[in-house]
Structure formats: structure tokens, C-alpha cells
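If you count the sequence shown from 1, position 504 lands on 504 in full-length UniProt numbering, and the numbers rise without skipping.
Positions of the beta carbon are idealized from the N, C-alpha and C atoms, including for glycine.
Quantities reported herein were computed from a predicted structural model and do not represent experimental measurements.
Here's the structure we're looking at; comments come further down.
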Amino acid sequence: MVTTKLLHLKPNYLLPLTIFSPKLSSFSLPKRPILSLFSSTQTETESQAFSYGPSLHKGKIPPKTPFQTQNQDTHQPEEEENLIDEENFTRIFHLAALRVPANDCFALENRLRGHLLNWPRIKNIARVPGDEIEEEMMTLFDKGKDGEENNGGSDGEFESLVLYREKLVKEFNYRGFVKFKNLAKISRPGKRKRKEKKGDEESKGNGRKEFCVVEVVEEEEGVEEEMKGLLGEEFKGQRIWKGSTRLLLLDERYGDKGSQELPQAIKAVLVEETKENRSSPIELVRCKLTLFYDYWQMNEILEALLPEGMIIPSAFETVGHIAHLNLRDEHLPYKNVIAKVVLDKNKPKIQTVVNKIDAIHNDYRTMQLEVLAGNRSLVTTVVENGLRFHVDLATVYWNSRLATERQRLLSGFNHKDVICDVFSGVGPIAISAAKIVKRVYANDLNPFAVEYLERNSVLNKVERKIKVFNMDGRRFINAMFSSEKAHSITHVVMNLPNDAAEFLVAFRGVYRDQPRDKEFSFPMIHVYGFSKARDPEFDFHERIRIALQEVAVNVDMRRVRLVAPRKWMLCASFILPESVAFAESRLNM
Numbered sequence: 001m002v003t004t005k006l007l008h009l010k011p012n013y014l015l016p017l018t019i020f021s022p023k024l025s026s027f028s029l030p031k032r033p034i035l036s037l038f039s040s041t042q043t044e045t046e047s048q049a050f051s052y053g054p055s056l057h058k059g060k061i062p063p064k065t066p067f068q069t070q071n072q073d074t075h076q077p078e079e080e081e082n083l084i085d086e087e088n089f090t091r092i093f094h095l096a097a098l099r100v101p102a103n104d105c106f107a108l109e110n111r112l113r114g115h116l117l118n119w120p121r122i123k124n125i126a127r128v129p130g131d132e133i134e135e136e137m138m139t140l141f142d143k144g145k146d147g148e149e150n151n152g153g154s155d156g157e158f159e160s161l162v163l164y165r166e167k168l169v170k171e172f173n174y175r176g177f178v179k180f181k182n183l184a185k186i187s188r189p190g191k192r193k194r195k196e197k198k199g200d201e202e203s204k205g206n207g208r209k210e211f212c213v214v215e216v217v218e219e220e221e222g223v224e225e226e227m228k229g230l231l232g233e234e235f236k237g238q239r240i241w242k243g244s245t246r247l248l249l250l251d252e253r254y255g256d257k258g259s260q261e262l263p264q265a266i267k268a269v270l271v272e273e274t275k276e277n278r279s280s281p282i283e284l285v286r287c288k289l290t291l292f293y294d295y296w297q298m299n300e301i302l303e304a305l306l307p308e309g310m311i312i313p314s315a316f317e318t319v320g321h322i323a324h325l326n327l328r329d330e331h332l333p334y335k336n337v338i339a340k341v342v343l344d345k346n347k348p349k350i351q352t353v354v355n356k357i358d359a360i361h362n363d364y365r366t367m368q369l370e371v372l373a374g375n376r377s378l379v380t381t382v383v384e385n386g387l388r389f390h391v392d393l394a395t396v397y398w399n400s401r402l403a404t405e406r407q408r409l410l411s412g413f414n415h416k417d418v419i420c421d422v423f424s425g426v427g428p429i430a431i432s433a434a435k436i437v438k439r440v441y442a443n444d445l446n447p448f449a450v451e452y453l454e455r456n457s458v459l460n461k462v463e464r465k466i467k468v469f470n471m472d473g474r475r476f477i478n479a480m481f482s483s484e485k486a487h488s489i490t491h492v493v494m495n496l497p498n499d500a501a502e503f504l505v506a507f508r509g510v511y512r513d514q515p516r517d518k519e520f521s522f523p524m525i526h527v528y529g530f531s532k533a534r535d536p537e538f539d540f541h542e543r544i545r546i547a548l549q550e551v552a553v554n555v556d557m558r559r560v561r562l563v564a565p566r567k568w569m570l571c572a573s574f575i576l577p578e579s580v581a582f583a584e585s586r587l588n589m
């Protein structure tokens, strides 16, 4: 077997994923050795029990070079870059392909549909490097001065481009070059070529790796004999190519079959082309498709690395450039490997991977996070609803999974509303509402959150419509409804699910000092909470009634999301009851 052609395919998937290779000697894995999938003697016949398509259980593992073996035997300290040996995820698949002229490849692709390779992220049309000729240049070869077919000089060879340019120069007159367009095409690269060159430079700058390589492997004797058996003795094995060619990769089922065993549709194409031209421009070749570490998806890599039967952690929250994991206890021994895979398969969008190491217990709602991979910075920028928010996860709270709920809440506001956000954080609701409503009063107990709230207000150019406060939620409610602003407030948002219901007691007697004969427009209150009860709506409703000390409260209840097994986050919306607003007992602030 002689390898004669190499073909490089660059990744083109929408969400670029990238994964890593744990240095297996750097940590111990009980129960199941990591390299169980990487035994070097696995053959393709052993993989027939697996389903169609590429898999780490299929294909052949390339033999390691002496240099790679020596590096593997050498002990290295446990570092992030050495966690995963990417060479262990390389797989080789042997395929068959039709080598066809580039101009005919799309027509033949439609004709052979169903018999071509259909693997994820692998195109069934591959380029053959080294034989690319631009169509513009082919027209110069094929046509002479008078536009007639011409193959060049008297000896039947193609005319040299340099000689052709010299001929155009001799035709110069006072009107300019007679064929200036052709001269321009030869003298300088076209726009398409310049764009391709620029794209190649950018891809090199980004450090993006190729995830697969196709090699055309020509058998010195076998292929020509097979083609003669199919097409007859008149078949000529000489490869005469005019212009660019492409490879149509055939389905993996035909990788080890001879020409006589191919489907009738493929045989018909070969026979028809041979009848029209004895030196057939279509050729059956053997290919070697190599898939590298960057090809495999995150769950495929983790399934190979983690012990058998362990749940694969596939979901995480994204906050700007940070991936926020919430690993189970069983995942903690492998947390660095998991983080490395998440980082590799989500570059360049993800640059930092963190894990929450404890529940939220403090008044500022900040999380204790451990940086597992990537850069150490927890300061990032989040884009939501077309607005930008600066966030420092070390000092403030942010939950990207509530973006849909925030959007639903905002859809109920209009330009006449005045919003009071009791627990605003860095301003995802307050700043978004400021783009819609008349006025926003935003408060948070966390001074760091207030600092980012003011900064984000300026960043999104709504600082004139937002007034920021830094105080306890109860005092904030009392201060707002004791001022002349009280009658203008139409909505109150209380997004503190752990404790928001307890703050409702602050609304008792807020209008106690106001005359009852005056017309009032009571605000709509949106309060969030958690419940683990069998009937979460009833449980949360009861807590609201107890906090307000009101028997009859008409509440519109909605389940937001399931945050943990049997633990719901709910949103209750209701108009502040008149009996509560004018209650005799008032919170002593």
C-alpha cells in the first residue's frame, strides 16, 4: 500500500466543540481503567456489533511512535495540559471513494444519494489537493485568440501562462490592452482567492485544529485488475485529469468490498463513463479516514474517560466566557478531567470552567466557586435581551437560566409603568425594564451588586431612568411607599426565592397614613419562591397568606423551573390587597 494523497478538512460545525485528553497516569481511576477503550489490537471486525457511524469503539488505533511511547513512560507532574492524551482518541477508518471531475461531482452526488458516507460533521465530497485549477484559468487554456478551442502550441501541450501574457502585451495600442480583463486575471489574484488566503491566516491565528484527514491509498496492482474485471480489458489505468477532481466518499459498508460487490447504481456510473470515454475520468480508490480528538463530541470523550455506569455530566450554565458546573459527589474525583473536556469542546466561547462547591447561605447570594480549568478570572460580560451586563461571579449573583422567565416578566410591562425591583442584583430585570417603562427604582443589599448595577446602567445608557438604592429589602419597601412615589408604583418585583415571601410582611400598613377616601391604584407584586411540597402551588400560596396575614389573596401562580429533584421555583403574581395596605399593624422599621 502506498499513500499518495492527503486531504485536510477543517471543522465547520455551528457550535465549535473542543475536548481534552487526561494524562491517565496522573490520577487513579477505580473500577474501570481509562485505557480499556484504547487497546491497540482492536480490529474493525470486532466493531460490527456497534451501530452505524463513527465511534471510539470502531476503527483502528494508529500505532504509537517511539517518541510518543517514551513520553508516555516519562513521569510528568499533573498539569491541566497533560490531563488527557489526545492521541488515544485517534481512530482510522478504511473507506472506498470515487475520484471524479470537480464539474461532475454534484450531479453524481445526487445520483448516488443513499450510497455515500453519511457521518456527522464529515462531508461526503472531499477535495484532492494538488490538482486544483481555477475555472478562470481553464478558460484561458481551452480558448484561443478567436475564442475557438485550442490546446496551446503545435506540439499539443497547454500554452504557458507567461507566454500568453507576453502575447497580450504585444497587442497593446493607444486604447489600452485589447484583452485587459484576461491580463488582469493573470496579473493579480481574484477576490475569492484573496478572501480564502485571509481566511486561512485568521484560522491559523485562532489555532483551530483539523479534526479529520482523508488519505487516498492506491493499490499498485489490485485496483486496476478489479476495474478491468468490471469494465473489460479495454479499460486503461492511466489517470488523465483535465481540471480539478473530487472524492465522493462511499458508505462505510463498501469500504472492504471489491468493484464487483458494489451496488448496481455505482456500477452503472462506472460502466456509462467508460463507454463514453475508454480512459474513464472516474476512478474507484481506497481511502483512509482519520478522525482526531477534536472530532469527537464532549459526551463521547467523557463516556470513554469516566467509569462505566457513571452519569455523564453534559449540562452546564454559561455566564459569559464561564462554564458553571454543578457536579455530583461521584464526579468530584474526576472534576479536573471533566472541566478540561468541557473547556476543549467549547472553545473559544468558554475560557473558564468553575464548579459550585457549596450552597448559597449568605445574604448577598454569592456562590463559592472553584476554578477547575482555563483562566482564573471570574469577571465576565453577559449579553441578554440585546443588553450587556458586567458580572463578577466571585462577588455578585447571576443566573442565566432565568433569562426566559425575565423575558416573560418584562413582556407584561408598558411605557406607563413604574417598577420597584427589591432585589435587583446587577440589574438584569431593572435595566431591561428601563428600556420599556417610565421609571425604575432598583435596590440590593450587596454593595458590590449595587456598584455593578450603576456601571451596567451607564453601559446600557439608562442611568437617567434608574434610581439605585443600597439597603435591606424591608426598609426599601417602607421607604418607597412612605414617599410621594408610592402612588406611581405599578409593579413590585421580588426575585429572592429563598426568602422573598418573608419580606411580604413589609407591605402591611404601607398606606396606613394615607386617607382612604382618595383613589388608589394598588401595585402588582411578583414574588418568587422555592417549594419541595407535594403540591408546591398550595404550599407557596399558604406562605404568602401567612406573611400578609390575609385569608383571601387572589394569586396567579406559575411554575418557573425545577431547580432540583422535587424542588420547584415558582412565581406568584397578585395585586396588593387593600386590607393589607391599610392594615393597622405596620412593620416597625
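contact_flag[the segment 485–503, the segment 451–461] where n(CB pairs < 8 Å) is 3 or more: Between the segment 485–503 and the segment 451–461, the count of C-beta pairs closer than 8 Å stays below three; the two stretches do not touch.
Collapsed DSSP secondary structure at Lys288 in the structure displayed: Secondary structure at Lys288: strand, using DSSP grouped into helix, strand and coil.
Decide if Asp421 is buried, meaning its Cβ has at least 16 other Cβ atoms within 10 Å, or exposed. Buried, because 16 or more other Cβ atoms sit within 10 Å of the Cβ of Asp421.
Take Leu562 and list the residues in its own chain whose beta-carbon comes closer than 7 Å to its own, dropping the five residues that flank it on each side. Annotation for Leu562: Trp568 place their beta carbon closer than 7 Å to its own, counting only its chain and skipping 5 residues before and after.
With a floor of 3 residues, list each beta strand (DSSP E) that falls wholly inside the segment 503–577, ordered by position along the chain. The segment 503–577 contains these whole beta strand (DSSP E) runs: 524–531, 556–564, 567–575.
Specify, as a first and last residue, the run of the beta strand (DSSP E) that residue 613 falls within. Not covered by the structure: residue 613. The range shown for the chain is 1 to 589.
Beta-carbon separation of Lys288 and Phe93 under 9 Å? Between Lys288 and Phe93, the C-beta gap is smaller than 9 Å, which places the two residues in contact.
Closest to Ser482 by C-alpha separation, out of Tyr254, Lys518, Val510, would be which residue? Between Ser482 and the set Tyr254, Lys518, Val510, the nearest pair of CA atoms involves Val510.
Could you check if Val555 belongs to the surroundings of the ligand COA, using beta carbon to heavy atom distance under 8 Å? Ligands are entirely absent from the displayed structure, and the ligand COA is therefore not among its contents.
Can we say the segment 564–582 touches the segment 505–524, given the rule of at least three CB pairs closer than 8 Å? The segment 564–582 is in contact with the segment 505–524.
Quick one: what does DSSP say Tyr254 is sitting in, helix, strand or coil? DSSP places Tyr254 in helix when its eight states are reduced to three.
Span of the beta strand (DSSP E) holding Tyr295? Going by DSSP, Tyr295 is part of no beta strand (DSSP E) at all; its letter is neither H nor E.
Determine the contact status of Glu252 and Trp119, defining contact as a CB-CB distance below 9 Å. Inclusion of Glu252 and Trp119 in the CB contact set at 9 Å is warranted, their separation being smaller than that value.
Do you know whose CA, among Val391, Phe540, Lys356, lies nearest Glu370's CA? The option with the nearest alpha carbon to Glu370 is Lys356.
DSSP three-state assignment for Tyr364, whether helix, strand or coil: Here DSSP, grouped into helix, strand and coil, assigns Tyr364 to coil.
Judging by CA-CA distance, which residue of Ala479, Val426, Ser400, Asn414 is the nearest neighbour of Ala323? Each of Ala479, Val426, Ser400, Asn414 was checked against the Cα of Ala323, and the nearest Cα belongs to Ser400.
How many Å lie between Pro333 and Leu327 at the Cα? Pro333 and Leu327 have their alpha carbons spaced roughly 10 Å apart.
In angstroms with no decimal places, state the Cα-to-Cα distance between residue 590 and Glu537. Look at the range of the chain in this structure, 1 to 589, and you will see that residue 590 is not part of it.
With distances taken from CA atoms, which of Phe423, Glu87, Pro428 is nearest residue 595? As shown, the chain starts at 1 and ends at 589. That puts residue 595 outside it, with no answer to give.
Would you report the Cα separation of Leu116 and Ala107, rounded to the nearest angstrom? Distance between the alpha carbons of Leu116 and Ala107 is about 13 Å.
Excluding sequence positions up to five away, which residues of its chain have a Cβ less than 7 Å from the Cβ of Tyr254? Only Ala96, Leu262 meet the Cβ criterion.
I'd like to check one pair, Tyr364 with Leu445: are the Cβ atoms closer than 9 Å? The answer is yes: Cβ separation under 9 Å.
Please classify Ala403: is it buried, with 16 or more other beta-carbons within 10 angstroms of its beta-carbon, or exposed? That one is exposed.
For Pro577, would you say it is in contact with chain B, using Cβ-to-Cβ distances shorter than 9 Å as the test? The displayed structure is made up of one protein chain only, and chain B is not part of it.
As a quick exercise: from Tyr397, Met298, Val342, pick the residue whose alpha carbon is nearest that of Thr366. Distances from the alpha-carbon of Thr366 to those of Tyr397, Met298, Val342 put Tyr397 closest.
Would a C-beta distance cut-off of 9 Å place Glu109 and Ile122 closer than the cut-off? No; because the gap between Cβ atoms is not below 9 Å, this pair is not in contact.
Just tell me which of Asp472, Asn470, Met471, Leu453 has its CA closest to the CA of Glu463. Selected option, being the one with the closest Cα: Leu453.
If we count the other Cβ atoms within 10 Å of its Cβ and call it buried at 16 or more, is Glu344 buried or exposed? Reading off the sequence, residue 344 comes out as Asp, not Glu. Buried, since its Cβ has 16 or more Cβ neighbours within 10 Å.
Under the DSSP definition of a beta bridge, which residues are partnered with Asn443? According to DSSP, Asn443 bridges with Phe469.
Can you tell me which of the three DSSP states Asn355 falls into? In the structure shown, Asn355 falls within a strand segment according to DSSP collapsed to helix, strand and coil.
Measure the Cβ-Cβ separation of Leu325 and Ala339 and say whether it is below 9 Å. Yes; because the gap between Cβ atoms is below 9 Å, this pair is in contact.
Check the DSSP bridge columns for Asp421 and list the partner residues they point to. Under DSSP, Asp421 takes part in a beta bridge, and its partners are Ala442, Val493.
By DSSP's criteria, Arg246 is part of a beta bridge. Which residues make up the other side? Paired residues: Val100, Arg127.
Could you give the residue range of the alpha helix (DSSP H) that holds residue 599? As shown, the chain starts at 1 and ends at 589. That puts residue 599 outside it, with no answer to give.
Spatial distance of Ala572 from Ala442 (CA atoms): Cα-Cα distance, rounded: 20 Å.
From the DSSP output, which residues share a beta bridge with Glu370? In the DSSP output, where bridge partners are listed per residue, Glu370 has Asn355.
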